[in-house]
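Number of protein chains: 2
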Amino acid sequence: MPAVKHMKWWGWGVEGVSFHWEDKPAFPAFVSRAVGIDITQPPESPKTIEQLHVPAPRISDEVRGRLTDAVGATNVAYDDLDRVVHTYGKSLRDLLRLRAADLPRVPDAIVYPGSEDDVRALVDLAGEADLVLIPFGGGSNISGSLHPLAEEERTVVSVDLGRMDQVLEVDEDSGLARVQAGVLGPDLETQLGRRGWTMGHFPDSFTHSTLGGWVATRSSGMQSDKYGDIARIARGMRVVQPSGTLVVRPVPSTSTGPSTREMVLGSEGRLGVITEVTVQVHRIPENRLMLAYLFPSFEAGLAAMQEISTSDAHPSVTRVSDQYETQMSLATRKASKGFSVSSTVGAQLFKHLERRGWDLDQACLSFIGYEGGRAHVAHEKGIVGAIIKAHGGVGLGKGPAVLYDQKKFDTPYIRDFLLDRGGAADVSETAAPWSKLFPLYTAVVENVRKVYADLGVTGWIMCHLSHSEHSGACLYFTFAFAHDDNPIAQYDRVKEALQGTFIEAGGTLSHHHAVGTEHSRWLEDDISTQGVLMVQGVIDTVDPTHQLNPGKITSV
Amino acid sequence: MPAVKHMKWWGWGVEGVSFHWEDKPAFPAFVSRAVGIDITQPPESPKTIEQLHVPAPRISDEVRGRLTDAVGATNVAYDDLDRVVHTYGKSLRDLLRLRAADLPRVPDAIVYPGSEDDVRALVDLAGEADLVLIPFGGGSNISGSLHPLAEEERTVVSVDLGRMDQVLEVDEDSGLARVQAGVLGPDLETQLGRRGWTMGHFPDSFTHSTLGGWVATRSSGMQSDKYGDIARIARGMRVVQPSGTLVVRPVPSTSTGPSTREMVLGSEGRLGVITEVTVQVHRIPENRLMLAYLFPSFEAGLAAMQEISTSDAHPSVTRVSDQYETQMSLATRKASKGFSVSSTVGAQLFKHLERRGWDLDQACLSFIGYEGGRAHVAHEKGIVGAIIKAHGGVGLGKGPAVLYDQKKFDTPYIRDFLLDRGGAADVSETAAPWSKLFPLYTAVVENVRKVYADLGVTGWIMCHLSHSEHSGACLYFTFAFAHDDNPIAQYDRVKEALQGTFIEAGGTLSHHHAVGTEHSRWLEDDISTQGVLMVQGVIDTVDPTHQLNPGKITSV
Numbered sequence: 001m002p003a004v005k006h007m008k009w010w011g012w013g014v015e016g017v018s019f020h021w022e023d024k025p026a027f028p029a030f031v032s033r034a035v036g037i038d039i040t041q042p043p044e045s046p047k048t049i050e051q052l053h054v055p056a057p058r059i060s061d062e063v064r065g066r067l068t069d070a071v072g073a074t075n076v077a078y079d080d081l082d083r084v085v086h087t088y089g090k091s092l093r094d095l096l097r098l099r100a101a102d103l104p105r106v107p108d109a110i111v112y113p114g115s116e117d118d119v120r121a122l123v124d125l126a127g128e129a130d131l132v133l134i135p136f137g138g139g140s141n142i143s144g145s146l147h148p149l150a151e152e153e154r155t156v157v158s159v160d161l162g163r164m165d166q167v168l169e170v171d172e173d174s175g176l177a178r179v180q181a182g183v184l185g186p187d188l189e190t191q192l193g194r195r196g197w198t199m200g201h202f203p204d205s206f207t208h209s210t211l212g213g214w215v216a217t218r219s220s221g222m223q224s225d226k227y228g229d230i231a232r233i234a235r236g237m238r239v240v241q242p243s244g245t246l247v248v249r250p251v252p253s254t255s256t257g258p259s260t261r262e263m264v265l266g267s268e269g270r271l272g273v274i275t276e277v278t279v280q281v282h283r284i285p286e287n288r289l290m291l292a293y294l295f296p297s298f299e300a301g302l303a304a305m306q307e308i309s310t311s312d313a314h315p316s317v318t319r320v321s322d323q324y325e326t327q328m329s330l331a332t333r334k335a336s337k338g339f340s341v342s343s344t345v346g347a348q349l350f351k352h353l354e355r356r357g358w359d360l361d362q363a364c365l366s367f368i369g370y371e372g373g374r375a376h377v378a379h380e381k382g383i384v385g386a387i388i389k390a391h392g393g394v395g396l397g398k399g400p401a402v403l404y405d406q407k408k409f410d411t412p413y414i415r416d417f418l419l420d421r422g423g424a425a426d427v428s429e430t431a432a433p434w435s436k437l438f439p440l441y442t443a444v445v446e447n448v449r450k451v452y453a454d455l456g457v458t459g460w461i462m463c464h465l466s467h468s469e470h471s472g473a474c475l476y477f478t479f480a481f482a483h484d485d486n487p488i489a490q491y492d493r494v495k496e497a498l499q500g501t502f503i504e505a506g507g508t509l510s511h512h513h514a515v516g517t518e519h520s521r522w523l524e525d526d527i528s529t530q531g532v533l534m535v536q537g538v539i540d541t542v543d544p545t546h547q548l549n550p551g552k553i554t555s556v
Numbered sequence: 001m002p003a004v005k006h007m008k009w010w011g012w013g014v015e016g017v018s019f020h021w022e023d024k025p026a027f028p029a030f031v032s033r034a035v036g037i038d039i040t041q042p043p044e045s046p047k048t049i050e051q052l053h054v055p056a057p058r059i060s061d062e063v064r065g066r067l068t069d070a071v072g073a074t075n076v077a078y079d080d081l082d083r084v085v086h087t088y089g090k091s092l093r094d095l096l097r098l099r100a101a102d103l104p105r106v107p108d109a110i111v112y113p114g115s116e117d118d119v120r121a122l123v124d125l126a127g128e129a130d131l132v133l134i135p136f137g138g139g140s141n142i143s144g145s146l147h148p149l150a151e152e153e154r155t156v157v158s159v160d161l162g163r164m165d166q167v168l169e170v171d172e173d174s175g176l177a178r179v180q181a182g183v184l185g186p187d188l189e190t191q192l193g194r195r196g197w198t199m200g201h202f203p204d205s206f207t208h209s210t211l212g213g214w215v216a217t218r219s220s221g222m223q224s225d226k227y228g229d230i231a232r233i234a235r236g237m238r239v240v241q242p243s244g245t246l247v248v249r250p251v252p253s254t255s256t257g258p259s260t261r262e263m264v265l266g267s268e269g270r271l272g273v274i275t276e277v278t279v280q281v282h283r284i285p286e287n288r289l290m291l292a293y294l295f296p297s298f299e300a301g302l303a304a305m306q307e308i309s310t311s312d313a314h315p316s317v318t319r320v321s322d323q324y325e326t327q328m329s330l331a332t333r334k335a336s337k338g339f340s341v342s343s344t345v346g347a348q349l350f351k352h353l354e355r356r357g358w359d360l361d362q363a364c365l366s367f368i369g370y371e372g373g374r375a376h377v378a379h380e381k382g383i384v385g386a387i388i389k390a391h392g393g394v395g396l397g398k399g400p401a402v403l404y405d406q407k408k409f410d411t412p413y414i415r416d417f418l419l420d421r422g423g424a425a426d427v428s429e430t431a432a433p434w435s436k437l438f439p440l441y442t443a444v445v446e447n448v449r450k451v452y453a454d455l456g457v458t459g460w461i462m463c464h465l466s467h468s469e470h471s472g473a474c475l476y477f478t479f480a481f482a483h484d485d486n487p488i489a490q491y492d493r494v495k496e497a498l499q500g501t502f503i504e505a506g507g508t509l510s511h512h513h514a515v516g517t518e519h520s521r522w523l524e525d526d527i528s529t530q531g532v533l534m535v536q537g538v539i540d541t542v543d544p545t546h547q548l549n550p551g552k553i554t555s556v
């Protein structure tokens, strides 16, 4: 078996790592208030793979033989664990289905190509033997982009790019690195870092997502304000398609008709298997500084981010949480560390703010990142600091930001912790023009709470602004509720409130999580009937017989 | 007749304005040396429209009637002048054909829609009556995107968007303006400027190109380093297509599959008629400063631009001319004004540089633009100044830059001046990674000179870097030669040397001039066979019967 690591089959992250509340004294009371769950009670007993009753592979001996010919016997897997790991991504729906042993269709084989030639052999085989191929990176997708369709009668092969994980070449003069698509975030940054470079792409899924996956879903990262999202970073591409290999040359910009580069971005495997991406890389900056601020309200925080986005400063991170997410952050603080209401500094500051008339229940935590030379960081801090002050914000220094930076990739573990205790949680994000952002936010909160009330559940909704652009920003919502015996039906109601409100309020379906099957029913509302026609046209041109991840993005 | 202004039918710009050499004492000697033409001799006598023998419109009475129904009788034109103006863009090939009265196919009617409803009526009519529609903005295109194909047997209607020229709405909170596609550059900036905004898009064609044209060709402007090219600026769009209207909602970013926005960008009319664009706008900055610098060589200038592009500074303009373009700039200086070898300051500086060992024939002029608050401009000037110094450059202050800024949109007039005197000239531009830029530059100069030698003509080739990006830059070449009796055949040889070398040397066909018919033969070399397949797939999906500007971008 190839040495490709996977996440837990039943949840996020690596085996043996999970969320613990015991060192976070404020957490049980917070969860009880937020979603009505007593986390001090023992959790559900863990599932075992044997309980799943994984259906047998539907694959002929001939196809087995030809898969072996294509990638070698050691790089094909048919065992239950591997097949289950490759059945779903990590959306709430995916995890609920796994926990319910709901596996209507599982990939029949998993292949681990080691080269573009291997991928070519697989794509050719798919055409000849009428297989379905589903490209697979880190498996962290939460938009339903990875599962075989329940009604799929053809043999389904999951193409795991995990062996193709090398930085092949760095053009140091141009700041361009040619990289295999299957590399995971930490491995990529390690390989680049050894040569003194960074790509600067740090999505929340960073530890368990791949370069190819980022391209296929139009990913954004924590520091995209500076480095650009993956659409900016990915300059060149090689994509193995049924009738040939698409080559996007790594030019800095081009005016050669409708952009094929921008067709591959967000294509979720439907336009071929991405084998290689040439990405912009940067020298590791002299200084990387993250500072925390507190705003008297979310509206004030948003207004400050807006003003920063049109100022002379270009911080690497602009982030502000609403009051609910701020309360959650405070509730997950460890007993003895960092900024908190209970720490001496925190208590003094909070008293001071109360005297100034703040309602501390409305306080909103913000992080701003600065990068560059010392003078540049000082220059930008000055501009940003003045804007934050003008909007009533106060500085909290480095402490909370350092803590945030350390635990930012751990948040998804909390979802599994909640699922073990009857709590359902997931995230949905959008982007909208600045003028529509706060109205969208209030409408979402109101509509989701209405659903909670309708369902009769205790639920929580919180939000942060995660990226700023000139004309608007990304709002990232997290929701959680105590579910009943039909959690998927409840989730559907909540999700409907989120996505429907995004569209109605002038936002987009997704800023960086893609469409998959989870968002495809609203796609037409977002990109218009003609937009769907155009997307389907490209798909049908490249893959007329729908061998490649059918049913994703569009339902056809 | 609608009050839509057009350029001269036979050349660039407005009637009554042309290039004059009489106040530029160094120009005749320069032209004599560069292209072997004596400009002090009287020019060819001007052409008249009567000499052209414009073929009669091929249009039925029924279609005439329906065009009138669609846009109103006063907004349809059939006269020779209007039809000739809408036959070509302003490429060298276009101008040579006009001067040779080579008009194999002329639009049969010109329509001036006043609203999206008018455009819808026209697109519907095109489907019903099997017409060809060619959207027309300012007519400044130099890639052969505007002419009807010679073999076109269907009735051809040029759709001039000139009446749709209004800024409809400014979302001041978001910095977004909803604008009709037919607005010309100066009119757009005037309308925005009255409200305190700028779009910051200043292509060389600014005075005679439109918003819709910029989108349809993926235009870049002088200040794109700061404001972004049109692909960044254009957030929302409305595009009238045969089976419906594509609506791209103006969200700051989105992850909703292959980008339909990026399909419209560069679509040259083939994916419908762009009626409206929602663009990013900016408050007019406190300071707009352009400074001139001089480098000891082009290589040094390129290296400095590269270092600036990865520095903490983000100037609004980065431009450096090679020694040949620098010589041309000096040769077009007016007798008494500004920086020059003959001015006292210039002479002193040049003597000083010679003492420092400069070969003044190799000196390269550079302009860097700064925008923002006073402290910000000072901060960026400091960073850039240190980099320029490290690469051997010296500052020349504001003088040359002010002059450049004043005359930057006048350069195309020189081409007509030369054409009147037996000189053929045009421009070609590319973009390539920094590592490939100087080798590409030297290969282009060498290969074009080889062609000049083969042809036995005196010719000139010069270049500037016009935009910097993180991983590379745009190189903009201008060529001119004394042509013989078959100037188009000679031009084809020169153009082949340019475009072929771009591709071979790792550059793209065009950074911001589009494909049209002029570059389509190299498209596959640039975007790969699969890339052409994908582009054709989108076109065929939207316009299966090829009613919309057929033969552009791809030859089908």
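In order, the protein sequence lines correspond to chains U and F. Letter 23 of the first sequence, counting from 1, is numbered 23 in UniProt numbering, and no numbers are missing. Letter 192 of the second sequence, counting from 1, is numbered 192 in UniProt numbering, and no numbers are missing. We put the beta carbon where it would ideally sit given N, CA and C, even for glycine.
Within-9 Å CB hit, D312(U) to chain F: Here the question's residue 312(U) lines up with position 312 in the first sequence. By this cut-off, D312(U) is an interface position.
G182(F) and M199(F) closer than 9 Å at C-beta: The residue labelled residue 182(F) in the question sits at position 182 within the second sequence. The residue labelled residue 199(F) in the question sits at position 199 within the second sequence. Not closer than 9 Å, so no.
Beta carbon of M305(F) nearer than 9 Å to that of S468(F): Looking up residue 305(F) in the second sequence gives position 305. Looking up residue 468(F) in the second sequence gives position 468. Yes; because the gap between Cβ atoms is below 9 Å, this pair is in contact.
Which residues, in order along the segment 192 to 206 of chain U, keep a beta-carbon less than 9 Å from a beta-carbon of chain F? none
Is V444(F) close to chain U? Criterion is C-beta to C-beta, closer than 9 Å. Within the second sequence, residue 444(F) is the residue found at index 444, counting from 1. No, V444(F) lies away from the interface with chain U (no Cβ there is under 9 Å from its Cβ).
Secondary structure at N287(F), three-state DSSP: helix, strand or coil? Indexing the second sequence from 1 puts residue 287(F) at position 287. Strand.
Report all residues from its chain with a CB closer than 6 Å to the CB of W460(U); omit the five preceding and five following residues, and keep chain order. Position 460 of the first sequence holds residue 460(U). Excluding sequence neighbours, W460(U) sits near A34, V35, A480.
Chain F contact residues for Q280(U), given Cβ-Cβ distances below 7 Å: Your numbering for residue 280(U) matches position 280 in the first sequence. Here the neighbours are H470, S471.
Would the beta-carbon of T254(U) fall within 9 Å of that of D204(F)? Reading the first sequence from its first residue, position 254 is the one you call residue 254(U). Reading the second sequence from its first residue, position 204 is the one you call residue 204(F). It is not a contact, given that the beta carbons lie outside the stated cut-off.
Neighbourhood of W10(F) by C-beta, 6 Å cutoff - its chain only, sequence neighbours within 5 removed: The residue labelled residue 10(F) in the question sits at position 10 within the second sequence. Around W10(F): K47, L98.
The beta strand (DSSP E) spanning Y476(U) covers which residue range? Start at 1 with the first residue of the first sequence, and residue 476(U) comes out as number 476. Counting along the chain, the beta strand (DSSP E) containing Y476(U) begins and ends at 472 to 482.
Between the Cα of M462(U) and the Cα atoms of H470(U), R493(U), A425(U), which residue gives the shortest distance? Position 462 of the first sequence holds residue 462(U). It is A425(U).
Beta-carbon spacing of V317(U), C364(U) below 9 Å: Locating residue 317(U) in the first sequence gives position 317, where the first residue counts as 1. Locating residue 364(U) in the first sequence gives position 364, where the first residue counts as 1. For V317(U) and C364(U), no; Cβs fall outside 9 Å.
Top-ranked residue by Cα proximity to L211(F), from W197(F), G257(F), A231(F), G395(F): Taking the first residue of the second sequence as position 1, residue 211(F) is located at position 211. Considering only alpha carbons, the answer is A231(F).
Given a threshold of 16 other Cβ atoms within 10 Å of its Cβ, counted over all protein chains shown, does V556(U) qualify as buried or as exposed? On the first sequence, position 556 is the one that residue 556(U) refers to. Exposed: under 16 other Cβ atoms inside 10 Å.
Would you please verify whether the beta carbon of G376(F) is less than 9 Å from any beta carbon of chain U? The residue labelled residue 376(F) in the question sits at position 376 within the second sequence. The sequence shown places His at residue 376(F), rather than the Gly named in the question. Chain U, which has a Cβ nearer than 9 Å to the Cβ of H376(F), makes this yes.
Determine the contact status of E44(U) and G422(U), defining contact as a CB-CB distance below 9 Å. The residue given as residue 44(U) occupies position 44 in the first sequence. The residue given as residue 422(U) occupies position 422 in the first sequence. Yes, the pair counts as a contact, with Cβ atoms nearer than the cut-off.
Would V277(F) count as contacting chain U if we go by Cβ distances under 9 Å? Here residue 277(F) corresponds to residue number 277 of the second sequence, with the count starting at 1. No, its Cβ sits nowhere closer than 9 Å to a Cβ of chain U.
Flag K436(F) as yes if its beta-carbon sits less than 9 Å from any beta-carbon of chain U, otherwise no. Counting from one through the second sequence, the residue named residue 436(F) turns up at place 436. Taking Cβ atoms only, chain U reaches closer than 9 Å to K436(F), which makes this a yes.
Going along chain U, which residues have a C-beta under 9 Å from residue 597(F)? With chain F covering only 1 through 556, there is no way to say anything about residue 597(F).
Using a Cβ-Cβ cut-off of 9 Å, state whether H511(F) counts as contacting chain U. Locating residue 511(F) in the second sequence gives position 511, counting from the first residue. So, interface residue.
Just confirm the distance between the C-beta atoms of R120(F) and V240(F), as a whole number of angstroms; I'd bet it's less than 8 Å. Working through the second sequence from its first residue, we reach residue 120(F) at position 120. Working through the second sequence from its first residue, we reach residue 240(F) at position 240. Yes, R120(F) and V240(F) are in contact; Cβ-Cβ is about 5 Å, under 8 Å.
Start and end residues, beta strand (DSSP E) containing Q241(U): Translated into positions along the first sequence, residue 241(U) becomes position 241. From DSSP, the beta strand (DSSP E) with Q241(U) extends over 234 to 241.
State the start and end residues of the unbroken alpha helix (DSSP H) segment that holds E380(F). Numbered from its first residue, the second sequence carries residue 380(F) at position 380. Run containing E380(F): 374 to 390, per the alpha helix (DSSP H) assignment.
At a CB-CB cut-off below 9 Å, which residues of chain F make contact with L168(U)? Working through the first sequence from its first residue, we reach residue 168(U) at position 168. Near L168(U) there are no residues of chain F at all, since even the closest Cβ is about 15 Å away, more than 9 Å.
Runs of 4 residues minimum, wholly inside the segment 244 to 299 of chain F: which ones carry the alpha helix (DSSP H) assignment? 261 to 264
How many Å lie between A177(F) and V251(F) at the Cα? On the second sequence, position 177 is the one that residue 177(F) refers to. On the second sequence, position 251 is the one that residue 251(F) refers to. Distance between the alpha carbons of A177(F) and V251(F) is about 13 Å.
Return the Cβ separation of Q51(F) and A101(F) in integer angstroms, given the expectation that the two are a contact with Cβ distance under 8 Å. Against the second sequence, residue 51(F) aligns to sequence position 51. Against the second sequence, residue 101(F) aligns to sequence position 101. Confirmed, about 6 Å.
Determine the direct distance from the alpha carbon of P42(F) to that of Y112(F), and round the result to whole angstroms. Within the second sequence, the letter at position 112 stands for residue 112(F). Within the second sequence, the letter at position 42 stands for residue 42(F). Each residue's alpha carbon lies about 39 Å from the other.
Rounded to the nearest angstrom, how far is the Cβ of G185(U) from that of T217(U), given a contact under 8 Å? To locate residue 185(U), count along the first sequence from 1; it is residue 185. To locate residue 217(U), count along the first sequence from 1; it is residue 217. In fact, because the Cβ distance is near 13 Å, the residues do not count as touching under 8 Å.
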